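J.: The structure follows.
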Amino acid sequence: MTWKILVFFALNVYSHEAKPFAWRKQNNFGTASNWLNKRQPCPGDHIHIDSLNEVATAIDINLDVAKILFPTTGVMFFGKGVSIGADKQESCPERADADEYPSPEVYFEDDEFLSVFDPASWASVEPRDLHMNQIPSQKDDVTIDGNWATQMMVEDTWYLRSLNIAGRVGA
């Protein structure tokens, strides 16, 4: 009986079909969770971008801030039609926290773990029960949307069937 279970399990693992995975982390200015205390910038604020780490981010919202302190290393992408310094800022909700945070300093600090080996980094069509099925492997297809800035940490060798970044496929 035990060997039948092992054979069944081995056949299911071996016959793994390619599954699509999509990277779900976004390093955009318009994503509230990328800001310390989810406090997005408002007109007149000073934006600080964590300069201790390399950063890849997209400025995908209009900004009318007093100052932006850029990191020493990193890449910044500007979204189509984004204005900086023009009085068109739409991202600033009414500041309910003005008493708690009277300072104009806001901090872009993406605190999400950006590892490709973290199952929370991936969106998949089908639910996954086993950890080995929650992250893409050598028989899977990965898509990274070109509309976002993407930063990911690959800590080890990573084999994929295909990688699609902004419509460009590598196999």
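Mapped onto mature numbering (1 follows the signal peptide of the UniProt record, and there is no 0), the consecutive letters of the sequence shown carry residue numbers -18 to -1, 1 to 153. Note that beta-carbon positions come from the ideal geometry of N, C-alpha and C, so glycine has one too. The structure displayed is predicted, hence computed values, not measured ones.
(1) Suppose contacts are defined by Cβ-Cβ distances below 7 Å. Is residue 88 in contact with residue 138 by that definition?
(2) From the DSSP output, read off the bridge partner residues of residue 18.
(3) Among 32, 105 and 99, which has the Cα closest to the Cα of residue 135?
(4) From residue 150 to residue 54, what does the alpha carbon distance come to, in whole angstroms?
(5) Which same chain residues, not among the five before or five after residue 14, have their C-beta less than 8 Å away from its C-beta?
(6) Identify the continuous beta strand (DSSP E) that holds residue 57 and give its terminal residues.
(7) Any idea if residue 120 is buried or exposed, counting beta-carbon neighbours within 10 angstroms, 16 or more meaning buried?
(8) Candidates 125, 62 and 44: which alpha carbon is nearest residue 7's?
(9) Give me, in chain order, the residues of the same chain whose beta-carbon lies closer than 6 Å to that of residue 18; leave out the 5 immediate sequence neighbours on both sides.
(10) Just to confirm, is the Cβ distance from residue 122 to residue -1 under 7 Å?
(11) Taking buried to mean at least 16 other C-beta atoms within 10 Å of its own C-beta, is residue 11 buried or exposed?
(12) Tell whether a beta-carbon distance below 7 Å holds between residue 64 and residue 31.
(13) Apart from the five residues just before and just after residue 47, which ones in its own chain have a Cβ nearer than 6 Å to its Cβ?
(14) Report the partner residues of residue 39 according to the DSSP bridge assignment.
(15) With a Cβ-Cβ cutoff of 7 Å, do residue 36 and residue 56 count as a contact?
T.: Checking against the coordinates, here is how it stands:
(1) Against a cut-off of 7 Å, the Cβ pair of residue 138 and residue 88 comes out as no contact.
(2) Bridge partners of residue 18: none, in fact.
(3) 99
(4) 29 Å
(5) 20 and 22
(6) 56 to 60
(7) exposed
(8) 125
(9) Answer for residue 18: 89 and 91, listed in chain order.
(10) yes
(11) buried
(12) no
(13) 23, 27 and 29, listed in sequence order.
(14) 58
(15) Going by C-beta atoms, residue 36 is nearer than 7 Å to residue 56.
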